[in-house]
Amino acid sequence: MTYCSEPYKQIHFDSQGNLGPCCQFIGARPDVNGFDEYLSSSWLTDLKIRLDNGERVAGCKFCWQQEDIGATSMRMRRNNYYQSKPDSGIEHLMITYGNQCNTACRVCNASRSSLIEKQYNHMKPTLTDDNLIALVNKPHAWNKSKTWYKAINDGIIEKSDHIRKLEISGGEPFINVHFDRLIDGLLSSGKTLPGINVTTNGSFTEDQIGKLQKFNHTHINFSIDGTGEKFYEYLRWPLMWDEARDKIEILKKNPWLSCEFVIVPHNLNLLNLVESIIWLKEVTEYDERFKIGFSWLNGAPWYKIDNSPNWVREKVVAELESIILVDYTDQEQEQINELIRILKTTQLPSDLSMLKSHVEMTDTYRGSNTWDVIGWHYDEIMA
Numbered sequence: 142m143t144y145c146s147e148p149y150k151q152i153h154f155d156s157q158g159n160l161g162p163c164c165q166f167i168g169a170r171p172d173v174n175g176f177d178e179y180l181s182s183s184w185l186t187d188l189k190i191r192l193d194n195g196e197r198v199a200g201c202k203f204c205w206q207q208e209d210i211g212a213t214s215m216r217m218r219r220n221n222y223y224q225s226k227p228d229s230g231i232e233h234l235m236i237t238y239g240n241q242c243n244t245a246c247r248v249c250n251a252s253r254s255s256l257i258e259k260q261y262n263h264m265k266p267t268l269t270d271d272n273l274i275a276l277v278n279k280p281h282a283w284n285k286s287k288t289w290y291k292a293i294n295d296g297i298i299e300k301s302d303h304i305r306k307l308e309i310s311g312g313e314p315f316i317n318v319h320f321d322r323l324i325d326g327l328l329s330s331g332k333t334l335p336g337i338n339v340t341t342n343g344s345f346t347e348d349q350i351g352k353l354q355k356f357n358h359t360h361i362n363f364s365i366d367g368t369g370e371k372f373y374e375y376l377r378w379p380l381m382w383d384e385a386r387d388k389i390e391i392l393k394k395n396p397w398l399s400c401e402f403v404i405v406p407h408n409l410n411l412l413n414l415v416e417s418i419i420w421l422k423e424v425t426e427y428d429e430r431f432k433i434g435f436s437w438l439n440g441a442p443w444y445k446i447d448n449s450p451n452w453v454r455e456k457v458v459a460e461l462e463s464i465i466l467v468d469y470t471d472q473e474q475e476q477i478n479e480l481i482r483i484l485k486t487t488q489l490p491s492d493l494s495m496l497k498s499h500v501e502m503t504d505t506y507r508g509s510n511t512w513d514v515i516g517w518h519y520d521e522i523m524a
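Each residue of the sequence shown is one higher than the last, beginning at 142 in the numbering used here.
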């Protein structure tokens, strides 16, 4: 079965302003402008037919990859959510507010981070690895300009009382003035506001969070990947760990919101995973408003879990299996057990030359030493 609810339920604007069925769809999107043109496009009709008829559409490969390794894909989660609910058409709008971002996270890319784009441009003259050269020269379709999203705020406000959820990502939304203007426009519209879900690296102010109380419900996806000064500041450079802790305290003070701390498991943070899970549960006092969740790597295959030493994965499995899960939610328990299964069934390493060259490039730019931080060395992968 390949049916997916998202072409029927969601419209996603990617970081270049192109419309598609969800944030995980990879590949060409239709040449359309605006909601109505997209919904009536032959491109969308064709996508629905192919998925309905059992075809594993190439643009949806991220979900297929997750399902093939035993992970619960977004397709599966969303299908399950809508299964017993009445059909009300499009009810979910997701906006990726360009690539304006104040972090260069280790496993991210230039289409989602202007700081990584700057880093790549700076390093171009020094590179000799052909694959790395191809990566840093990869074109991004900024044909609609990097601020295309300022033109759609009015359209979102117009539709706001007809949708269930407005989802925002970036870049980093909370440093983008056009996101602030969207929120202000929605608040002054007099309309009944939908739920809002914002993915952030924590670069919000207390005032920005306070404005979100007027929405039907506010959910924060706090992208964090690691905890503690050493791992956090390495993975999410140049953010500081003390500031991240302060932002968690802001969220704890607002009982009307919920939050999921989203960790992307990859080979660089494996030895910090269990520490992060336990610390985040303890710092939020096992309050069910705060959950731990995993989001799977969608790109940069050189940073996949498979590209790590066997002893590292075995150690992480043992640590995960030792966590006492009685105070964790059913969803958290399910995700932790899923992570254990994935760690036990990893595939052969690949893209190792790219792993080595990408680490060397980013270490040079940041003045760091990856292998000193993460607890294992590149040479151990094939040992």
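The C-beta atom is built at its ideal place from N, Cα and C for all residues, glycine as well. None of these values were measured; they are calculated from a predicted model.
Within the same chain, and ignoring the five residues on either side of residue 419 in sequence, the residues whose Cβ sits closer than 8 Å to its Cβ are 464.
Under the DSSP assignment, residue 474 falls outside any beta strand (DSSP E), being part of the alpha helix (DSSP H) whose first and last residues are 471-485. In the DSSP assignment, residue 151 falls within the beta strand (DSSP E) that extends over 151-154. Here the alpha carbons of residue 436 and residue 377 stand approximately 16 Å from one another.
Under the three-state reduction of DSSP, residue 351 is assigned to helix. Spatial neighbours of residue 204 in its own chain (CB-CB distance under 7 Å, excluding positions within 5 residues in sequence) are listed in chain order as 165, 214, 215 and 216. Annotation for residue 399: the continuous beta strand (DSSP E) segment containing it runs 398-404. With a cut-off of 8 Å on Cβ pairs, the segment 146-157 is in contact with the segment 225-232, counting three or more such pairs. When Cβ pairs closer than 8 Å are counted between the two stretches, the segment 442-454 is seen to touch the segment 491-500, the count reaching three or more. Under a 10 Å Cβ-count criterion, residue 190 is classified as exposed, with fewer than 16 other Cβ atoms of the shown protein chains found around its own Cβ.
Taking the Cβ atoms as the reference, residue 311 lies roughly 17 Å from residue 359, outside the contact range of under 8 Å. Residue 167 and residue 421 have their C-alpha atoms some 32 Å from each other. C-alpha of residue 404 to C-alpha of residue 433: approximately 8 Å in a straight line. Put simply, of 349, 296, 318 and 338 the residue whose alpha carbon is nearest the alpha carbon of residue 330 is 296. Non-local C-beta neighbours of residue 517 in its own chain, meaning closer than 6 Å and more than five positions away in sequence, comprise 450 and 453, ordered along the chain.
Here residue 176 carries a helix assignment [DSSP, helix/strand/coil]. In this structure the segment 357-373 touches the segment 394-408; the number of beta carbon pairs closer than 8 Å is three or more. Within the DSSP bridge table, the entry for residue 161 names 153 as partners. Here residue 467 carries a helix assignment [DSSP, helix/strand/coil]. In the three-state scheme derived from DSSP, where H, G and I count as helix and E and B as strand, residue 380 is classed as coil. Restricting attention to 192, 271, 171 and 401, the CA atom closest to the CA of residue 428 is found in 401. Secondary structure note for residue 363: its beta strand (DSSP E) is the uninterrupted segment 359-364. Its Cα nearest to that of residue 239, the residue 156 stands out among 456, 510 and 156. For residue 373, the CB contacts under 7 Å within the same chain, skipping 5 residues up- and downstream, are 367, 382 and 385 in chain order.
In terms of Cα proximity to residue 254, the closest of 270, 273, 234 and 277 is 277.
By the neighbour-count criterion, in which a residue is buried when 16 or more other Cβ atoms sit within 10 angstroms of its Cβ, residue 466 is exposed. For residue 233, there is no enclosing alpha helix (DSSP H); the residue is found in the beta strand (DSSP E) stretching over 233-237. It is roughly 42 Å from the alpha-carbon of residue 370 to the alpha-carbon of residue 302.
When DSSP assignments are scanned along the segment 186-263, the uninterrupted stretches of beta strand (DSSP E) that are 3 or more residues long and fall wholly within it turn out to be 233-237.
Of 160, 344 and 251, the smallest CA-CA separation from residue 318 is found for 344. In this structure, the CA atom of residue 248 is about 15 Å from the CA atom of residue 413. Leaving aside the five residues that flank residue 391 on each side, the residues in its chain whose CB is nearer than 7 Å to its CB run, in chain order, 347 and 350.
Nearest C-alpha to residue 523 among 508, 503, 488 and 501: 488.
Between the beta-carbon of residue 171 and that of residue 160 there is about 7 Å, and that keeps the pair under the 8 Å contact cut.
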